[in-house]
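Novice: Shown below is the structure under consideration.
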Amino acid sequence: MPGLMELLFLLAAWAVVPLGLRLLPESAPLRLARKLQPAFAALVTISFFLPKGPVAAALALPWLALNGLVALGGLLRLRTALREGIPRLLQLAAMFFPIVGGIHLVASRYGYPLAGFPEPIILLTAIHFHYTVFAVPILASLAGRSRLALSCGLGVVGGTPIVAAGFLFAPILKIVGVGILCVSVVGIAIGQLTLVPSRTGRARALLALSSLSVIAGMILAGVYEHGFYTGRSWISIPQMTWSHGILNGVGFSLLGLLAWTAEAPRAADRPVRP
């Protein structure tokens with residue numbers, strides 16, 4: 005039976021990703037990805053009910069293909085995105101990053117220790133690349149009237165490879181990268197809060213809840229990473245997954261995307277500031 009981490013990934017597959025795809029600039033690969041998403045999410049769901057191995061991994065492969073379609077849509081928009089400024093570049097980054105999460109998902113379902121890392125690190129990485137570096141850059145791009153949100157969106161994009169380098173080469177880089185991510189995500193949340201008064205109805209409440217929940221979640225992430233690095237752990241991985249996952253995944257990512265889709269179903273088609 006799926007545990008909490010598996011459920012967090014499924015929340016991304018069934019809710020966060022389809023909402024995010026609606027807010028990205030149009031392209032033929034993206035339209036195809038939207039059509040295929042429910043079927044491929046269903047296959048991932050079945051995969052999580054099976055023992056790890058070739059069959060479970062095979063059922064996760066279509067989701068990796070979906071990530072590839074989204075990345076292809078980003079490649080087709082690359083030239084125009086470079087001319088359209090930071091908001092479009094953040095959306096482009098959101099289209100490229102999930103394929104890394106898809107690779108880790110397949111490795112997790114097969115039971116393969118990718119790059120020598122065991123579970124739950126592999127599945128947590130898959131989750132991270134469907135929330136923090138997919139949904140969050142999209143939210144930053146849509147909060148384009150806030151220069152703080154845009155700048156911090158770049159911090160999320162830049163901090164992610166630093167965290168990866170920390171896992172592979174030097175733990176201190178992981179601390180630096182996580183610090184950049186924490187500060188950047190909180191900055192985006194603050195930027196969103198400045199936009200709350202200009203929103204209407206349900207979007208206003210959702211955006212406020214999104215921003216406030218992630219501030220608490222990022223504080224917990226910083227405490228966890230400090231404990232991991234110093235060897236004095238105050239928060240266990242299960243506790244971190246529960247609190248950080250709910251606050252950041254459901255709170256920030258899902259509620260934030262719901263806020264923008266509630267107010268502007270095709271927000272990605274709005275003109276972006278250079």
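Everything in the sequence shown is counted per the working numbering, starting at 5 for the first residue and increasing by one. Each residue gets a CB set at the ideal place from its N, CA and C atoms; glycine is no exception.
CB-CB under 6 angstroms to glutamate 267, same chain, minus the five flanking residues each way: which ones, in chain order?
Specialist: Excluding positions up to five away in sequence, the list reads Ala207.
Novice: Thinking C-beta only, is serine 51 closer than 7 angstroms to alanine 64?
Specialist: Contact flag set, yes.
Novice: Can we say the segment 156 to 172 touches the segment 200 to 215, given the rule of at least three CB pairs closer than 8 angstroms?
Specialist: These segments do not touch.
Novice: With a Cβ-Cβ cutoff of 7 angstroms, do alanine 147 and glycine 183 count as a contact?
Specialist: Not in contact: alanine 147 and glycine 183 (Cβ atoms no closer than 7 angstroms).
Novice: Which of the three DSSP states, helix, strand or coil, is assigned to methionine 5?
Specialist: In the structure shown, methionine 5 sits in coil (DSSP, three-state: anything other than H, G, I, E or B).
Novice: Quick check on the DSSP output: the alpha helix (DSSP H) that includes leucine 177 runs from which residue to which?
Specialist: First-last of the alpha helix (DSSP H) with leucine 177: 175 to 199.
Novice: What residue from Arg151, Val20 and Tyr114 has the CA that sits closest to leucine 197's CA?
Specialist: If we check each option's Cα against that of leucine 197, Arg151 comes out closest.
Novice: Do arginine 38 and leucine 25 have their CB atoms nearer than 7 angstroms?
Specialist: Yes. Within cutoff.
Novice: Between His132, Ala144 and Arg81, which lies nearest to alanine 32 when the distance is taken from Cα to Cα?
Specialist: Of His132, Ala144 and Arg81, the residue nearest in Cα terms is Arg81.
Novice: For phenylalanine 133, which option in Gly260, Ala144, Ala153 and Val104 has the closest C-alpha, if you only look at C-alpha atoms?
Specialist: When only C-alpha atoms are compared, the closest one is Val104.
Novice: My guess is that leucine 211 and valine 20 are in contact by the Cβ rule of under 8 angstroms, so how many angstroms apart are they, rounded?
Specialist: Wrong, their Cβ atoms sit about 16 angstroms apart, outside the cutoff.
Novice: Taking the alpha-carbon positions, what's the tryptophan 246 to valine 59 distance?
Specialist: About 28 angstroms.
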